[in-house]
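*Asks:* Below is a structure I'd like to ask you about.
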Amino acid sequence: MSRHLKMEEFDLIFEVYQKHGKSQAIKTLWNISPKTKLVKKKYLAVRIAKIIKYYNLGVKEKLLTKKGKDRKPGSGRPRKEPNFDWDIFDRNDLIEIAKRYYEITNQKPKKEKKEEAKNLKIQFIKLALFFSLCRQTISNAKVKQNTEKTIPHSKIIVEAFEANKGRFGRKKLSIYIFNQYNIHINDRTLGRYLNQLNLKCKLRQKRKRKEIKNTKCQILNTVQRDYNDSQNRNIFATDVSYINAPKDVRENHVYLSAIINHKSKKIVGFRLSKNNNLDFVLDNINDIQNENFDKFIVHSDHGFQYTNQEYINKIIKFGGTVSMSRVGNSLDNREIEYWFGVIKTELLNDLDYTKITFDELNDKIKEYIFWYNNERIQSNLGWKTPQQIAMAFAN
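For the numbering used here, add 884 to where a residue sits in the sequence shown, where the first one is 1.
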C-alpha cells in the first residue's frame, strides 16, 4: 500500500496537472510514491481527480486526513452526560422552569398531553389542572398504563399452540392445556390471550370439486345419516379427494382415498395414488379387515369406483354391505367429507408442492393421520381422541 502524501507533494501534483495534464500528474505520483506503480491507472486517475476537486473547492486541507473527509456528525463514542444536580436550583428557579414547561406542553395536542401526564407521578386532579384536561381523561390514561400486564402462562400457551401447529382454536386449546398441564384457562380468556400473542389458528375454506358420478346405479342409502352409528352397525365412510401434485408427478393432481369409522371418527386406512382408478380404492378397502368386524357397512357417494361391480363384490365377500348417498346430497357422506376438509386446512393447504416428492407427501399424510387418531381431541367425542373411543368400544 502506498504511503499518505504530504501537503507539498499534493501541491506539486496539482501544479503538474495544471501545466501538463492528468498523465503527467500520474507519473509525478509514481515518482513521489513508487508503490503506486502497482495500482491500476484507472484508480490513480480517480485519486488525481479527487485531489484536483479538493483544490478547486478550496478545501485541500482535508486531503491530509486518512479518509480525505471530516468525521460525520454523531460518529464515534458518545460523550458521557454528567449527572444532573437539581439542588443547584432554588425555589424561584424551579418555578420559572415549571412555567416554561407549562407554556410548551399546553401548545401540544390533547393526545401528546395525555402521554406527558402518564409519565408524571402527580395526583390526577393536579395533572388535570396543569394540562387543562378532564380528570377522568388523566385517570383513564394512567389506569390503562397500569393494566398492561404480562399474560399468565404465556410460555405454556405458545408451547401448546405450536405443538398442535396452530390447528386448535380457543375451546379445543383450552381443553388441551388442561389435559396436558393441569391448568384451567377459560376459553374466552384464552382467546384474548391468543390475540395479544398474535397467534391465529387455521380456518377452513370451502372448495368445490367436480367428480365423475354414476347416477344410474341404484343402491340404497342404508346409513340414513347415522353419523354416530347409534345402532352399532359398524359403519365406515369412504371417498376420494383431489390433492395438488408434488414436484415429481407430471399430472396436475394426485388422489387420496380414506376410510373413517362413524362411531370413533378414527381413520382406519388411506391410500395415495397418482391415478384415480379402481385399484387403489380396492386396496384401501383391505384396511377394513384389520378392524375384525364380522358385519359392517361401507358408505360412499356415486363415484365411478364405488359403483363398479368389482368393488361391490369385494365388500360383500368381506361380510359387508354397500350403502350410497343420494345423488347431489353430500351431507349423506358428511363424516369423510368433513375429514377431508380438516386435513386440507390443517396440513395440505400449507405445503409447498414444488419442493416435496410423492413419497414425502405420503409420509406427511401418514404422520398427520397418526396424530389425528392419537392426539387430536374432539368435542363430539367428549374431548377424547378417536383412538381412545375405538379402544373403549373394543373393550
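In this text, a Cβ means the ideal position worked out from N, Cα and C, and glycines have one as well.
(1) Provide the residue span of the beta strand (DSSP E) that contains Tyr1126, from first to last.
(2) Looking only at DSSP bridge pairs, what is Gln1262 linked to?
(3) Bridge partners of Met1284, per DSSP?
(4) Would you grab the beta carbon distance between Pro1130 and Ile1253 for me? Rounded to a whole angstrom, and I think it's under 8 Å.
(5) Quick one: residues in its chain with C-beta nearer than 6 Å to the C-beta of Asn1213, no 5 flanking neighbours on either side, listed in chain order?
(6) What three-state label does DSSP hand Tyr1237 in the structure shown?
(7) Who are the near neighbours of Tyr1237 in its chain, counting only those whose CB is closer than 8 Å to its CB and skipping five residues on each side?
(8) Pairing CB atoms from the stretch 1070-1081 with CB atoms from the stretch 1110-1120, are three or more of them under 8 Å?
(9) Who are the near neighbours of Ser1157 in its chain, counting only those whose CB is closer than 6 Å to its CB and skipping five residues on each side?
(10) Using the three-state DSSP reduction, which class does Asn1145 fall into: helix, strand or coil?
(11) Are the stretch 1035-1050 and the stretch 1011-1018 touching by the rule of at least three beta carbon pairs closer than 8 Å?
(12) What do you reckon, are the CB atoms on Lys1149 and Leu1265 nearer than 8 Å?
(13) Using the Cβ count rule (16 or more neighbours within 10 Å means buried), how would you classify Lys1179?
(14) In angstroms, rounded to a whole number, what distance separates the CA positions of Thr1106 and Asn1066?
(15) In whole angstroms, give me the CA-to-CA distance for Phe1052 and Glu1259.
(16) Starting from Gly1153, follow the beta strand (DSSP E) in both directions and report where the run begins and ends.
(17) Answer yes or no: do Asn1257 and Ile1151 have a C-beta to C-beta separation smaller than 8 Å?
(18) Helix, strand or coil for Val1226? Go by DSSP, reduced to three states.
(19) Quick one, are the C-beta atoms of Tyr939 and Lys946 less than 8 Å apart?
(20) Quick check: the Cα distance between Lys1248 and Glu1221, rounded to an integer number of angstroms?
(21) On the CB-based measure, 16 or more other CB atoms within 10 Å of its CB, does Tyr901 come out buried or exposed?
(22) Please state whether DSSP places His1068 in a helix, a strand or coil.
(23) Below 8 Å, can you find three or more Cβ-Cβ pairs linking the stretch 924-939 to the stretch 890-900?
*Replies:* In short:
(1) Ile1119 to Asn1128 is the span of the beta strand (DSSP E), which, as asked, contains Tyr1126.
(2) BP columns for Gln1262 point to Lys1268.
(3) The structure shown has nothing for residue 1284, since the chain only spans 885 to 1279.
(4) Wrong, their Cβ atoms sit about 18 Å apart, outside the cutoff.
(5) Cβ neighbours of Asn1213 within its own chain (closer than 6 Å, five residues either side excluded): none.
(6) Looking at Tyr1237 - three-state DSSP - the assignment turns out to be coil, as it is neither helix nor strand.
(7) Cβ neighbours of Tyr1237 beyond the five flanking positions: Asn1128, Ala1129, Pro1130, Lys1131 and Leu1245.
(8) With a cut-off of 8 Å, the stretch 1110-1120 and the stretch 1070-1081 do not count as touching, because too few Cβ pairs lie within range.
(9) The answer, listed in chain order, is Tyr1139 and Phe1164.
(10) Strand at Asn1145.
(11) When C-beta atoms of the stretch 1035-1050 are compared with those of the stretch 1011-1018, fewer than three pairs fall below 8 Å, so the two segments do not count as touching.
(12) Their beta carbons are under 8 Å apart, which means Lys1149 touches Leu1265 by this criterion.
(13) Exposed, because fewer than 16 other Cβ atoms sit within 10 Å of the Cβ of Lys1179.
(14) Taking the straight line from one Cα to the other gives about 43 Å.
(15) Distance between the alpha carbons of Phe1052 and Glu1259 is about 12 Å.
(16) Ile1151 to Ser1157 is the span of the beta strand (DSSP E), which, as asked, contains Gly1153.
(17) In terms of Cβ geometry, Asn1257 and Ile1151 form a close pair [threshold 8 Å].
(18) Val1226: helix per DSSP, three-state reduction.
(19) Result no, Cβ atoms of Tyr939 and Lys946 do not sit closer than 8 Å.
(20) About 20 Å.
(21) Looking at its Cβ environment, which holds 16 or more other Cβ atoms inside 10 Å, Tyr901 is buried.
(22) In this structure, His1068 counts as coil in the three-state DSSP scheme.
(23) Yes: the two stretches touch, three or more of their Cβ pairs being nearer than 8 Å.
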